[in-house]
Structure formats: structure tokens, C-alpha cells
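The structure under discussion appears below in the form of C-alpha cells.
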Amino acid sequence: MFLMMGINSMLSNNRKIVILFTSLLLNIISINCYAQTLVVSCPATFSDEHGTYRLINVSLYDGPVCMKAALVPEFKKDKQIWVLDTLMDPSLVCEYAGTNHYIVLDAKGATYCEKKGVPVQAKCMP
8 MFLMMGINSM LSNNRKIVIL FTSLLLNIIS INCYAQTLVV SCPATFSDEH
58 GTYRLINVSL YDGPVCMKAA LVPEFKKDKQ IWVLDTLMDP SLVCEYAGTN
108 HYIVLDAKGA TYCEKKGVPV QAKCMP
């Protein structure tokens with residue numbers, strides 16, 4: 008009888024360990040998926056009645072663009088990186104070749120933005 012209780016106790020402990028590790032694994036996967044979620048990204052092209060224009064430059068501002076508080080990126084290898092504070096209210100400005108039009112995206116909630124080379128790509132992450 009004591010042997011049966013010991014086996015049941017071991018099975019119960021093993022089951023708890025499996026549940027604990029499964030829960031831990033799911034949490035790690037959830038955190039990794041959350042980290043990959045974009046806040047905003049610049050469209051590769053912009054179209055109007057006159058044509059289609061490709062993305063050529065990106066800039067980042069703290070607050071509305073009219074306040075002219077441009078943020079300076081860090082340069083690392085083939086990309087520019089902006090590390091943002093949670094108190095900032097970032098605006099991502101996407102500029103396109105052959106037009107004076109640009110797109111301003113609210114990047115609130117982003118803690119990191121990056122611009123990559125050719126073709127130009129830009130995104131902000133939480």
C-alpha cells in the first residue's frame with residue numbers, strides 16, 4: 008500500500024513538473040511573439056494620381072513634426088537605430104522619391120525604430 012502511495016506521489020510530482028515546464032515554454036513563446044509585433048512601418052511605395060513613388064528616407068521626431076524635435080539615430084552596420092524612452096511620443100516620417108508628399112505615422116508605444124539600406128525599409132517595434 009505504501010508502495011502504491013509512493014508511485015502515485017511520484018506520478019503526481021512528474022505531472023506537476025511537466026505542467027510547469029509546458030507553462031514556462033508557452034510564456035517564452037508568447038514573449039517572443041510579442042517582441043516581434045510591429046507598432047508601425049513605412050510603406051515601400053506611395054501612390055497618388057500622378058504616379059507611384061518609392062521610399063527613400065525616414066526620420067523620427069519626438070512629438071508632432073511641426074515641433075521640429077528630430078531624433079538622431081545611432082549608426083550600426085547597415086542600419087540606423089533609434090532607442091526610445093517610454094515617455095516619448097514618436098512620429099515616424101516616411102519620405103518618397105519624386106514627390107514632396109510624405110507620410111507621418113504615430114509610433115506611440117514603440118521603444119525601438121530602425122531604418123535599413125537599399126531598398127529603404129523602416130519599422131518601429133514595441
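Quick note, my numbering runs 7 ahead of the 1-based positions in the sequence shown. The beta-carbon is built from N, C-alpha and C at its ideal position, and this holds for glycine as well. Predicted, not measured: the structure shown is a model, and the values here were computed from it.
- Listed in chain order, the non-local C-beta contacts of THR52 below 6 Å within the same chain comprise THR59, ARG61, local neighbours out to five positions each way being set aside.
- Taking 8 Å as the cut-off, the beta carbon of PRO50 is found no closer than this to the beta carbon of CYS131.
- Taken in chain order, the complete beta strand (DSSP E) segments of 3 residues or longer contained in the region 35 to 122 are 52 to 55, 58 to 69, 81 to 83, 86 to 90, 97 to 103, 109 to 113.
- In this structure, ASP85 and GLY124 form a Cβ contact; the two beta carbons are roughly 5 Å apart against a cut-off of 8 Å.
- Each residue's CA atom was taken as its position, placing SER48 and GLU56 some 23 Å apart.
- Of LEU67, LEU94, LYS83, the smallest CA-CA separation from CYS120 is found for LEU67.
- Burial is judged here by how many other beta carbons sit within 10 angstroms of a residue's own beta carbon; VAL90 has fewer than 16 and is exposed.
- It is roughly 13 Å from the alpha-carbon of GLY70 to the alpha-carbon of ALA117.
- Contact between VAL65 and VAL127 is confirmed by a C-beta separation of about 7 Å, below the 8 Å threshold.
- Spatial neighbours of ALA114 in its own chain (CB-CB distance under 7 Å, excluding positions within 5 residues in sequence) are listed in chain order as VAL46, VAL47, PRO97, SER98, LEU99, CYS120, CYS131.
- CA-CA distance, GLN87 to ILE63, rounds to 14 Å.
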